[in-house]
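A.B. asks:
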Amino acid sequence: MNLTVKYVCFLFVFIPFAAFSQEVDEIDSVFSDNYGYHDEVGLDSGQVYEMSEETMEMQDESDEAREEVLFAEDLIAYVRYLMEIDSLVVRFAKYEGDSQITDYFGNVESLQGLERRFDVIEQNAKDTFFYCEEVVYNQNKAWDYIYERLYNNDGNLIYFARRYNTYNSGCAEVAFERSEYFWNKEGKLIKKTYEIYDSNNQPLEEQDCIMDREFYDKIMDKNTFLSVYPLPLNNNPE
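As numbered in mature numbering (1 follows the signal peptide of the UniProt record, and there is no 0), residues -21 to -1, 1 to 217 make up the sequence shown, in order.
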């Protein structure tokens, strides 16, 4: 269900919103899908709040779906561990004015002109998987958006997470959003979560906050992802 925000007195509502709106860097994604937005929420007395697909939550209660969610969660926990100890992680970057994706070295010089960073873990074992964390930077070289993708041994997306933070929400000094999606082997959505919180991990009311909705694509298979973002992996298909 699409987010619909109805204004009764547009002139009176627009001016204060414009003062607090955040300037968002455009995300030059090749794709956009049904979950792509560029809306703002934040309600006044004359507005009606309706839940967006970004804030939707659902859970397939079947035993099979629960097992598949647990499998993905276990892989993500393993990925978190590898990221924490900086093991098996390969990093790449895309820079302003450069169409090529190159190695990222993590020094001060590597931040100049940085648009995106890709942290990749590719596991070639019994439970083969491919994980990528895509970090989108703003002009201050701080992250605006983070997208996590986990592909199974068939190259199908089984987990996607979107994270967003803003100083211009109007409801907290810093507001954070996190959405998580889980799919089964057939590509059916079996779980979707959403949370919005402040820097102290205290929950916020989404209808009280001004949160930008950017256009993004989950990219449902690994080969398509690597064609959109040709990471210089040794086994990257041509």
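We put the CB at the ideal spot given by N, CA and C, even for glycine.
#1: In terms of residues, what are the limits of the alpha helix (DSSP H) holding Ser206?
#2: Can you grab the Cα-Cα spacing for the pair Cys150 / Asp133, in whole Å?
#3: Report the residue ranges of all beta strand (DSSP E) runs contained in full by the stretch 82 to 124; include only those spanning at least 3 residues, in chain order.
#4: Compare the Cα-Cα distances from Glu165 to each of Met35, Glu43 and Asp106 and report the closest residue.
#5: What three-state label does DSSP hand Tyr195 in the structure shown?
#6: Candidates Val114, Asn119 and Phe194: which alpha carbon is nearest Tyr83's?
#7: Judging by CA-CA distance, which residue of Tyr57, Arg59 and Arg157 is the nearest neighbour of residue 289?
#8: Given that a residue counts as buried once 16 or more other Cβ atoms are within 10 Å of its Cβ, and exposed if not, what is Arg59?
#9: Please classify Asp53 as buried or exposed, where buried requires at least 16 other C-beta atoms within 10 Å of its C-beta.
C.D. replies: Short version:
#1: Here residue 206 is taken as the residue at index 227 of the sequence shown, counted from 1. Counting along the chain, the alpha helix (DSSP H) containing Ser206 begins and ends at Lys201 to Val207.
#2: Within the sequence shown, numbered from 1, the residue matching residue 150 stands at position 171. Within the sequence shown, numbered from 1, the residue matching residue 133 stands at position 154. The alpha-carbon atoms of Cys150 and Asp133 are separated by roughly 42 Å.
#3: Fully enclosed beta strand (DSSP E) runs of no fewer than 3 residues occupy 93 to 102 and 108 to 116 of the stretch 82 to 124, in order along the chain.
#4: Taking the first residue of the sequence shown as 1, we reach residue 165 at position 186. For Glu165, the nearest C-alpha among the options comes from Glu43.
#5: Mapped onto the sequence shown, residue 195 falls at position 216. The answer is coil: DSSP assigns Tyr195 none of H, G, I, E or B.
#6: By 1-based counting over the sequence shown, the position of residue 83 is 104. That would be Val114, whose Cα lies nearest to the Cα of Tyr83.
#7: This structure leaves residue 289 out entirely; the chain is present only between -21 and 217.
#8: Mapped onto the sequence shown, residue 59 falls at position 80. Exposed is the label assigned to Arg59, since fewer than 16 other Cβ atoms lie within 10 Å of its Cβ.
#9: In the sequence shown, counting from the first residue as 1, residue 53 sits at position 74. Asp53 should be labelled exposed.
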